[in-house]
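Student: Line by line, the protein sequences are chains Y and S.
Per this note's numbering, the very first residue in the first sequence carries number 1; after that it's consecutive.
Per this note's numbering, the very first residue in the second sequence carries number 572; after that it's consecutive.
Glycine residues also receive a C-beta, built at the ideal position from the N, C-alpha and C atoms.
The structure presented is a predicted model; accordingly, all values stated were derived computationally and were not measured.
The structure's right below; bear with me while I get my questions together.
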Amino acid sequence: MSPLDFVVLIGSMVGIAIYGMWRTRGRQDLSTYLKGDPNVKWAAIGISVMATQASAITFISTPGQGYQDGLGFVQNYFGMPLALIIIAAVFLPMYRRLNVYTAYEFLGHRFDTKTRLLGAALFLLQRGLAAGITIYAPAIILSTVFGWRLDLTIVLSGLLVIVYTVAGGSEAVTLTQKYQLAVIFGGMVTAFVVLLMRLPPNLSLTDALTVAGGFNKLHAVDFSLDVKRRYTFWSGLLGGLFLSLSYFGTDQSQVQRYISGASLRESRLGLMFNAVFKIPMQFFILLLGCLIFVFYQFERPPVFFNETAWNLDAKHDPGERLRSLNQQFAAIHAEKEQLIHNWLDAKHAGNHKAEAEARAQAQAALDRSEAVRADVKAALLAADPHAKTNDSDYVFITFVLDHLPHGVIGLLVAAFFAAALSSKAAELNALGSTTTIDFYRHIIKRDATDAHYVTASKWFTLLWGLVALAFALFANLVENLIQAVNIVGSVFYGVVLALFLVAFFLRWIGGTAIFWAALAAQLLVFVLYFSLSISYLWYNFIGCAACVLFSLLIQAALGSTNPPAQSLATS
Amino acid sequence: MKPLDDKETGLPWFKTWRAVYIFVLVSFVIWVGLLVALTVTFS
């Protein structure tokens with residue numbers, strides 16, 4: 001990175017944080033600190049919900065997904081529009097009517113204290129883990145690529161977000177997210193435009209899509225019923241529905257973003273904004289990855305995208321195996337590039353037979369180059385058994401560094417950090433709020449002043465920030481990062497969602513039945529996760545269905561309905 | 572200006588929440604249709 005890139009990066013990140021702290025200085029009102037500005041409008045709510053979900057992983061890792069596997073990942077979001085409608089119509093009015101600070105307070109109203117604490121504890125457990133990943137994920141990639149120290153990158157970016165989240169609370173989070181999302185979109189749109197300009201001059205967009213489609217990168221929708229396939233229309237619609245219902249409806253990091261709206265109308269419109277725009281946003285990020293794939297068909301890519309790891313291992317390459325594989329890869333790439341030109345020439349000439357032949361030959365060449373990449377990964381593992389061989393998270397950052405102009409590089413890295421800070425801030429804010437409201441105020445100190453709870457919330461937010469930092473410093477991930485976050489979520493979300501669905505729709509189920517049903521269902525999900533090899537999205541459905549079923553059985557065994565601790569109708 | 576009731580959407584073309592939800596579902600169906608068309612056209 002050049003000095004200009006650093007000016008753009010540090011100026012935008014620190015500037016937004018300082019602005020957020022300055023605008024929210026001196027807030028001592030608990031409601032404003034935990035829920036945010038009570039006059040916030042739908043656009044700010046919509047942006048805040050979007051910025052909370054879209055972490056740095058979304059912008060670093062998703063183009064790599066597009067490059068590696070194509071558009072199929074977009075199906076993951078198919079359940080989201082319906083989920084947001086259900087939340088806007090059912091969950092949101094109830095949260096606002098009860099005037100709760102956290103979603104788990106609602107469980108206390110509907111069931112009892114132990115169920116409220118179970119819901120809050122499951123949230124703290126899974127979100128605490130995910131918070132470590134959200135801070136670790138961009139740090140490991142950026143520190144590897146730039147040669148920065150990993151611990152310093154984690155600590156500095158972590159401390160920045162902790163400082164302004166602790167100082168300004170929910171209002172500062174919403175305020176800074178607006179500007180952070182502007183940086184993110186500015187960076188991604190710039191990358192998209194520059195990528196299109198860098199494609200070969202005689203390659204039209206249709207040709208680019210033909211090449212991407214010819215290599216199966218544009219297979220966006222798969223109606224297969226095979227449950228072992230990770231992303232299909234059905235797993236996305238059903239599993240995605242349950243994942244989204246749980247994440248947006250019951251995860252405090254999201255609930256906190258929209259319950260603060262000036263009215264029910266503003267909160268609803270904020271959610272509907274996401275229901276309409278989330279799928280197109282994910283599509284364009286994945287398409288960016290597909291077009292980077294096309295770009296690298298005409299520009300030789302590195303044989304292994306984590307070039308720092310490659311260079312380190314190449315130095316200790318005794319038999320020069322890596323160098324030999326690199327040469328093979330280069331030769332196959334040159335041959336493949338020529339075959340793709342032949343394929344496109346035949347297509348333009350309308351010669352379908354020659355087009356099909358050249359396309360098949362190009363596919364065979366791609367298979368050979370992927371085989372060489374597999375050999376490279378095996379060689380890297382032989383040289384270093386701890387080497388991370390999944391390099392798809394490094395695809396986009398490699399493209400950015402190698403092919404974007406200075407200044408734009410700084411903007412893109414700022415976009416990654418902006419995304420990391422915006423989602424991290426919302427998570428910390430939610431972790432601090434839940435600990436304060438559901439545990440500290442409910443169990444330890446009931447009748448203190450607002451100022452006391454604001455101070456307590458600041459300490460808990462700081463504590464969770466430090467826990468996330470510690471987790472990030474010791475994290476060691478094996479899978480693609482965006483999947484890791486979704487897997488952690490899917491293991492817990494189904495059961496948490498069931499707590500809320502039973503609360504809303506099965507009014508005769510009492511606190512004792514749902515409490516034990518939730519524990520049993522969570523145990524079942526853990527056992528199945530470690531014994532089956534189905535798509536992780538199904539665990540959202542399984543956990544939820546098991547919890548609902550168990551609660552019905554236990555309630556039937558108990559015989560009588562436990563009345564809700566407080567009637568919702570009269571609240 | 573009179574503040575909007577929560578039952579009103581305040582949107583020019585969608586006066587009820589049901590209309591807003593239908594619009595969201597229709598836009599989802601259109602997106603899936605476009606993605607299927609992309610899949611079929613370039614596979």
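If I'm right that Y:Leu243 touches Y:Asn540 with Cβ under 8 Å, what's the distance once you round it to whole angstroms?
Tutor: Contact holds; Cβ gap of about 5 Å.
Student: Run the proximity test for Y:Leu196: is its beta-carbon closer than 7 Å to any non-hydrogen atom belonging to the ligand FAD?
Tutor: Annotation note on the ligand FAD: not contained in the displayed structure, which lists no ligands.
Student: Are the beta-carbon atoms belonging to Y:Gln256 and Y:Lys35 less than 8 Å from one another?
Tutor: Contact flag set, yes.
Student: Taking all protein chains shown into account, do 16 or more other C-beta atoms lie within 10 angstroms of the C-beta of Y:Glu479, making it buried, or fewer, making it exposed?
Tutor: The pLDDT assigned to Y:Glu479 is 49, lower than 50, so where the model puts this residue is not dependable, and the model offers no usable value.
Student: Quick one: what does DSSP say Y:Asp391 is sitting in, helix, strand or coil?
Tutor: Looking at Y:Asp391 - three-state DSSP - the assignment turns out to be coil, as it is neither helix nor strand.
Student: So with CB distances below 7 Å, who are the chain Y contacts of S:Thr610?
Tutor: The contacting residues are Leu218, His219, Ala220 and Val221.
Student: Can you give me the Cβ contacts of Y:Lys228 inside the same chain, cut-off strictly under 8 Å, excluding the 5 residues immediately before and after it?
Tutor: Hits under 8 Å: Ser533, Ile534 and Ser535.
Student: Can you list, in chain order, the residues of its chain with a C-beta nearer than 8 Å to that of Y:Ala130? Leave out the 5 residues immediately preceding and following it.
Tutor: Same-chain partners within the cutoff: Glu427, Val485, Val488 and Gly489.
Student: Using a Cβ-Cβ distance cut-off of 8 Å, determine whether Y:Ala631 contacts chain S.
Tutor: Since the first and last residues shown for chain Y are 1 and 571, residue 631 of chain Y lies out of range.
Student: Closest to Y:Phe73 by C-alpha separation, out of Y:Ala383, Y:Gln126, Y:Val166 and Y:Met281, would be which residue?
Tutor: Here the closest residue by C-alpha is Y:Met281.
Student: Of all the residues that make up the stretch 259 to 293 of chain Y, which are near chain S by a beta-carbon distance shorter than 8 Å?
Tutor: So the close ones are Ser263, Leu264, Arg265, Arg268, Leu269, Met272, Ala275, Val276, Ile279, Pro280 and Phe283.
Student: Can you pull out the residues from the stretch 74 to 86 of chain Y whose beta carbon lies closer than 8 Å to at least one beta carbon of chain B?
Tutor: The structure shown contains no chain B; its protein chains are Y and S.
Student: Pop quiz: Y:Met188 and Y:Ile285 are said to be a contact at Cβ under 8 Å. What is the actual Cβ separation, rounded to whole angstroms?
Tutor: Right, their Cβ atoms sit about 7 Å apart.
Student: List the residues of chain S that Y:Leu209 touches, going by C-beta distances under 7 Å, in chain order.
Tutor: Phe613, listed in chain order.
Student: Let me check understanding here. Comparing Cα to Cα, which of Y:Leu9, Y:His109 and Y:Leu84 lies closest to Y:Arg503?
Tutor: Arg is not the amino acid found at residue 503 of chain Y; the sequence shown has Ala there. That would be Y:His109, whose Cα lies nearest to the Cα of Y:Ala503.
Student: Taking the alpha carbon of Y:Ala419 as the reference point, which residue from Y:Ala83, Y:Phe273, Y:Gln328 and Y:Ser157 has its own alpha carbon closest?
Tutor: The shortest Cα separation from Y:Ala419 among Y:Ala83, Y:Phe273, Y:Gln328 and Y:Ser157 belongs to Y:Ser157.
Student: State the DSSP-derived secondary structure class of Y:Thr512, mapped to helix, strand or coil.
Tutor: Y:Thr512 falls in the helix class under three-state DSSP.
Student: Counting only Cβ pairs nearer than 7 Å, list the residues of chain Y close to S:Trp584.
Tutor: Those within 7 Å of S:Trp584 in chain Y number zero; the least Cβ separation is about 13 Å.
Student: Would Y:Lys217 be called buried (16 or more neighbouring beta carbons within 10 Å of its own) or exposed?
Tutor: Its Cβ being crowded by 16 or more others within 10 Å, Y:Lys217 is buried.
Student: For Y:Phe78 and Y:Lys41, I'd like the C-alpha separation in whole angstroms.
Tutor: So the two alpha carbons sit approximately 26 Å from each other.
Student: What three-state label does DSSP hand Y:Trp234 in the structure shown?
Tutor: DSSP places Y:Trp234 in helix when its eight states are reduced to three.
Student: Can you list, in chain order, the residues of its chain with a C-beta nearer than 6 Å to that of Y:Gln361? Leave out the 5 residues immediately preceding and following it.
Tutor: So the qualifying residues of the chain are Leu339.
Student: Report, in whole angstroms, the separation of the C-beta atoms of Y:Leu462 and Y:Val166, which I expect to be a contact under 8 Å.
Tutor: At roughly 5 Å, the Cβ-Cβ gap stays under 8 Å, so Y:Leu462 and Y:Val166 are in contact.
Student: Does DSSP put Y:Asp251 in a helix, in a strand, or in coil?
Tutor: Coil, per DSSP.
Student: Does the stretch 141 to 154 of chain Y touch the stretch 6 to 15 of chain Y, meaning 3 or more C-beta pairs lie closer than 8 Å?
Tutor: Segments in contact, no.
Student: Span of the alpha helix (DSSP H) holding Y:His333?
Tutor: Start and end: Arg321 to Ala349.
Student: Are the CB atoms of Y:Ser369 and Y:Gln68 nearer to each other than 8 Å?
Tutor: Not a contact, by the Cβ cut-off of 8 Å.
Student: According to DSSP, is Y:Pro301 part of a helix, a strand, or is it coil?
Tutor: Three-state result, Y:Pro301: coil.
Student: State yes or no: is the C-beta of Y:Leu499 within less than 8 Å of the C-beta of Y:Gly119?
Tutor: Yes, they are a contact pair.
Student: From Y:Leu241 to Y:Ala220, what distance separates their C-alpha atoms?
Tutor: Cα to Cα, the separation comes out at about 18 Å.
Student: Please list, in chain order, all residues of the same chain as Y:Lys114 whose beta carbon is under 6 Å from its beta carbon, the five residues on each side excluded.
Tutor: Result list for Y:Lys114: Phe515, in chain order.
Student: Would you kindly work out how many angstroms separate the C-alpha atoms of Y:Ser567 and Y:Tyr104, rounded to a whole number?
Tutor: With a pLDDT of 44 at Y:Ser567, under the threshold of 50, the modelled position of that residue is not reliable, and the figure given next carries that caveat. When rounded, the distance between both Cα atoms is 16 Å.
Student: Helix, strand or coil, according to DSSP, for Y:Leu175 in the structure here?
Tutor: Reduced to three states, the DSSP call for Y:Leu175 is helix.
Student: Excluding the five sequence neighbours on either side, which residues of its own chain have a C-beta within less than 6 Å of the C-beta of Y:Ala565, listed in chain order?
Tutor: Because the pLDDT at Y:Ala565 is just 47, under 50, the model does not fix this residue reliably, and the point stays unresolved.
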